[in-house]
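All letters in the sequence shown, in the order written, are residues 1 to 207 by the numbering used here. To start, the structure under review is shown below, and the notes come after it.
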Amino acid sequence: MALSTRSRTILTLYSARDCVHCHRIRLILAAKGVSYDLLLVDPARPPEDLIDLNPTQSLPTLVDRDLVLYNTTVVAEYLDERYPHPPLMPIDPLSRARLRLAIARMEQDWLPLVEQCAGSGKNSEAARKRLREALIGALPLFKAAKFFLNPEMSLADCALAPLIWRLPSLGVSLPREAQTINEYGERIFRNPGFTRSLTPDEKLLRD
């Protein structure tokens, strides 16, 4: 967290054009109907204002007036508290804890595989296999409720849906017995908020 050097009156999100973590934050903002200024940047050539605001130059970076946040999980939870309607976490502590554990698992075990899958060679093929097996292994969780472990859309779905959206472009195909996962994805993809969360580059991932 840092303080910006200039005052802002609207949320600003620094985002890559195709990034599973940035997409997660854009999906949260879209789900809540929050207006914001989207700045699409090249991570390899960050603009001067991002360098000034965020010493790590990591994406996504969120600026809310004089507040600068640049940890994806911190940004996600901040937005859910800052804009409480509709809530993206359940009320009861037990359900919240379960979803937080699920998100932590995604961040630790699943999301890192996205970049590894995007390459070529044996390492990428191994990453595709690991991601495919991880999703199939989690099939009971997809079947437990309409959304991921919850009857309503939550922060867990905002972390997971960008990954599911990218599966075809990553070369990860799911077997027929995992059709529940594809159906889960389609429920979210049909939401107008999901469409609004996509950058032009991300829309092409399923064209």
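By construction, the Cβ of each residue, glycine as well, lies at the ideal position given by its N, Cα and C atoms.
Query: Contact check, Arg164 vs Ile136 under 8 angstroms by CB: the rounded distance?; Result: For clarity, residue 164 is Ile in the given sequence; the question names Arg instead. About 13 angstroms; that fails the 8 angstroms criterion.
Query: For a minimum of 4 consecutive residues, which ranges assigned as the alpha helix (DSSP H) are wholly contained in the region 121-157?; Result: 122-137, 139-143
Query: How should Asp80 be labelled, buried or exposed, when 16 other C-beta atoms within 10 angstroms of its C-beta is the threshold for buried?; Result: buried
Query: Does Glu48 pass the burial test, meaning 16 or more other C-beta atoms within 10 Å, or should it be called exposed?; Result: exposed
Query: For Ala134, which residues of its own chain have a beta-carbon under 8 angstroms away from its beta-carbon, when the five flanking residues on both sides are left out?; Result: Asp109, Trp110, Leu113
Query: Taking a contact to mean a Cβ-Cβ separation below 7 angstroms, would you say Val172 touches Leu131 in this structure?; Result: yes
Query: Is Lys13 near Leu53, with beta carbons less than 7 angstroms apart?; Result: The sequence given here has Leu at residue 13, not Lys. No, Cβ-Cβ distance for Leu13 and Leu53 is not below 7 angstroms.
Query: Tyr184 by DSSP, collapsed to three states: which one?; Result: helix
Query: Between Val75, Asn150, Glu115, which lies nearest to Asp92 when the distance is taken from Cα to Cα?; Result: Asn150
Query: Distance check for Asp42 and Leu50, CA to CA, integer angstroms please.; Result: 11 angstroms
Query: Please report how far the alpha carbon of Met89 lies from the alpha carbon of Glu77, in whole angstroms.; Result: 9 angstroms
Query: Going by the beta-carbon positions, is the gap between Arg196 and Ala31 smaller than 7 angstroms?; Result: no
Query: Kindly indicate which residue of Phe148, Ala118, Leu67, Leu39 has the alpha-carbon position closest to the one of Leu160.; Result: Phe148
Query: Give the DSSP-derived three-state secondary structure of Leu40 in the structure shown.; Result: strand
Query: Should Cys22 and Pro55 be called a contact, given that it needs their Cβ atoms to be closer than 7 angstroms?; Result: no
Query: Looking at the unbroken alpha helix (DSSP H) that takes in Val114, where does it start and where does it end?; Result: 112-117
Query: Taking all protein chains shown into account, do 16 or more other C-beta atoms lie within 10 angstroms of the C-beta of Leu99, making it buried, or fewer, making it exposed?; Result: buried
Query: Where Lys143 and Ala178 are concerned, what is the direct C-alpha to C-alpha distance, given to the nearest angstrom?; Result: 10 angstroms
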